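To keep things clear, I will list the structure first and then write my remarks on it.
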Amino acid sequence: MTHAEAPTAASPTASPPAPPLAEAIGLRRDFDVSRPLLARLVAGEGRRRLRAVDEVSFAIARGETLALVGESGCGKSTVAKLMVGLYPPTGGRIRFDGAELGALASRRAQAAYRRRLQMIFQDPYASLNPRWRVRDIIAEPIRAFGLLPDRAAQRARVAELLTQVGLAPADGEKYPHEFSGGQRQRISIARALASAPEFLVCDEPTSALDVSVQAQILNLMKELQRQFGLTYLFISHNLAVVRHMADRLGVMYLGRIVEIGPAETVFATPRHPYTRLLLEALPDLEMTGRARTPVGGEVPNPIDPPPGCTFHPRCPLANARCRAERPELARHGTVEVACHAVEEGRLAEGAALPVAPAAGA
Amino acid sequence: MSAAPRSPGRLARLLDSDIAYSFLHSPVALPSALVALLCIGGALLAPWIAPHDPFDLAGLNLLDAFTPPVFMPEGRLGFLLGTDDQGRDLLSTIMHGARISLLVGFSAVLFAMTLGVAIGLLAGYVGGSLDAVLMRIADIKLTFPTILIALLIDGVVRAALPRELHDRVALPVVIFSIGFANWVQFARTVRGSTLVEKNKEYVQAARVIGLHPLRIMASHVLPNVLGPVLVIATLNLGFAILAEATLSFLGVGVPPTQPSLGTLIRIGNDFLFSGEWWITVFPGLALVTMVLSINLLGDWLRDALNPKLR
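For the protein sequence lines, the chains are W and E, in the order given.
So for the first sequence, this note's numbering puts the first residue at 1347; every next one is plus one.
So for the second sequence, this note's numbering puts the first residue at 14; every next one is plus one.
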């Protein structure tokens, strides 16, 4: 039971665009945040819905890492859970290797795809069942998909996985509480790799870890990606981590992708005002001593989002059009941006943003 | 599972645990555990260690009836706690009666636990309208006093079945009545813990794999919600034994051919005012000792497992 030695990602010779491995098309997810029926009747109010993810589309090529960044509550974790099927989407479609996941009727057909996509979770203290031995935790996907019927082979596979993530085969006998956060995350990764998946959804896999351990885990993930040709959807709010990991970068704001493109391009020449503010808030050596533009204001309430462009209350470039009309993603070179100001060229490329938001909410 | 040697050894690890420390250092736990063990041991081993066989009609002698306990002037060495109106040795009857009481208690708790845990898991994990319906049923159940439900079930069975058949099913009926009256506490506790556990990421990880919900409930959620269930089960055991005694005292519990502690107390009650107090007092004392020690043990377990009280 070994991974197919997949071709290493994005080889420069492959000029015709390969079909994407995973694809989200107009993905939408609403949450019902209504109060209980009785309270609603008494107060005479209707149902309240929160749109956590709104018309999100992206495609991830085989072997590539797409990172989604954004503030807390922007819907990036919801996207992750939609992609692995933890939530059913309210609207839109998810395609994996050409097949539409929502359309797979039988459990058997679903299992064939589920084996190929796995998830790594944020909290290494909650993501491992405290009552299970590590070897059983890691072997669970193998057993669930019936990959190795005989126990000896399962044990050997678990030992192999533990070695791959930098732990000792003997660690399989222990319980999760005997490990540190970083080690637990390694166990999580071993479990995710157990069914030899091609696509891993990583929901803030390092945000609960020490900075020194973060780097180890990220390097491990990169190494595994290289070794097995894995494809990552990487969710994070940490731009430094994203810079290390991402091939492509999507910036989310209030359930929508506002800018998406090759990570290097987005980091070098951010276009959307929100991306620019985020990157300017990132400390680096060259910036030392220079004044930074803070991202003013709060994220609006997603139950009652502002009309037009949802970023306009905090945007230094907003005008009347931004307050009325919602911008759609438009291509600018290799990058797609959803912003009227960028489209109209209100601000010259490279010019500094004005400090204060132009208008209050 | 393999029998491979584990590095620290299971027993050593158990002795090293917080629970073991708390057990050995609690002024209540060790004595009550000893007393409970004595009661349970005496009851279980009754057929072998009891001085007489109270159900062997050939061994009974009506002339022995109403012999007072051994420390009274008319007491006889053969009957440590005296005899009842049939000439049965009280100590032996109590030991055999405790057997019935414990049998009913354990079975009723087991039944209540199985039913309650299943309903609680289902309600908590599935949620939505199933949760609402199950929990409203639980609320309705809570508005009826336990004894009333047990009396009701017993009464219905009694009316529906012919007498000779009734005696045969009396024990299961009592177990069912008491168990059915107690499942709500288990269901609510398990539902609460399940609501917490089901949102943890290890459950989500199992869902990503695509495991069947029933399998996730059984293998992931259940082991993590069992802690409080054990505490409730222990506390409930004392209660179930008491409930059985109450029913038997009222004459609707187990048949008189298999007297439990409650039946013995009821029989003795008739002679309380004619001077033969021991017939009812000793079974009563046995009941109190047993239930008290089990309850104290349950209280200790609850505190020991509660991290906030450490």
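No residue lacks a Cβ here, since even glycine has one placed at the ideal position from N, Cα and C.
The structure displayed is predicted, hence computed values, not measured ones.
| Check | Outcome |
| --- | --- |
| Cβ-Cβ separation, Met108/E to Ala56/E (assumed contact under 8 Å), whole Å | 6 Å |
| Rounded separation between Leu51/E and Leu135/E - CA only | 38 Å |
| Test: Lys154/E CB closer than 7 Å to a CB of chain W | no |
| Distance between beta carbons of Val117/E and Ile166/E, contact taken as under 8 Å | Not quite, the Cβ-Cβ distance comes to about 14 Å (not below 8 Å), so this is no contact. |
| Within 7 Å, strictly: CB atoms of Gly1607/W and Val1681/W | yes |
| Per-residue burial, Gly1492/W [other beta carbons within 10 Å of its own, 16 or more giving buried] | exposed |
| For Gly1691/W, three-class secondary structure by DSSP | coil |
| When Asn1584/W, Arg1481/W, Val1604/W are compared against Ala1536/W, the one with the closest alpha-carbon | Arg1481/W |
| Cross-chain neighbours of Pro1365/W in chain E, by beta carbon under 7 Å | Chain E residues near Pro1365/W: none, gap ~24 Å exceeds 7 Å. |
| Cβ neighbour criterion (16 or more within 10 Å) applied to His1658/W | buried |
| Segment contact, 8 Å Cβ cut-off, at least three pairs: the stretch 1572-1583 of chain W with the stretch 1407-1419 of chain W | yes |
| Backbone CA spacing between Asn1565/W and Thr1615/W [nearest angstrom] | 26 Å |
| Top-ranked residue by Cα proximity to Gly141/E, from Thr1552/W, Asp1378/W, Gly1518/W | Asp1378/W |
| Sequence-distant residues of the same chain with beta carbon closer than 6 Å to Arg1397/W, five excluded per side | Asp1376, Gly1601 |
| Proximal chain E residues relative to Ala1472/W, where beta-carbon distance stays under 8 Å | Lys213, Glu214, Tyr215 |
| Three-state class that DSSP yields for Glu1569/W in the structure shown | helix |
| Where Gln1456/W meets chain E, residues with beta-carbon distance less than 8 Å | Gly223 |
| Simplified DSSP assignment, three categories, for Ala1445/W | strand |
| Burial state of Pro1551/W, where buried means 16 or more other Cβ atoms lie within 10 Å | buried |
| Presumed contact (8 Å Cβ cut-off) between Leu1325/W and Val1425/W, rounded CB distance | A query on residue 1325/W cannot be resolved here, the shown segment of chain W reaching from 1347 to 1707 and no further. |
| As assigned by DSSP and simplified to three states, the class of Met85/E | coil |
| Short CB-CB distance (under 7 Å) between Ala1490/W and chain C | No chain C is part of this structure, whose protein chains are labelled W and E. |
| Asp312/E, DSSP secondary structure in three states | helix |
| Proximity below 7 Å, CB of Ala1333/W to CB of Leu1546/W | An answer regarding residue 1333/W cannot be provided, because it is not within the stretch 1347 to 1707 covered by chain W. |
| Limits of the unbroken beta strand (DSSP E) element including Leu1414/W | 1411-1415 |
| Glu1506/W versus Lys1568/W: straight-line alpha-carbon distance, rounded | 18 Å |
| Meets three-Cβ-pair contact criterion under 8 Å: the stretch 1511-1529 of chain W and the stretch 1454-1463 of chain W | no |
| Asn237/E: contacting residues in chain W (beta-carbon distance under 8 Å) | Asn1475, Pro1476, Arg1477 |
| Assigned secondary structure, Cys1685/W (DSSP; H/G/I helix, E/B strand, else coil) | coil |
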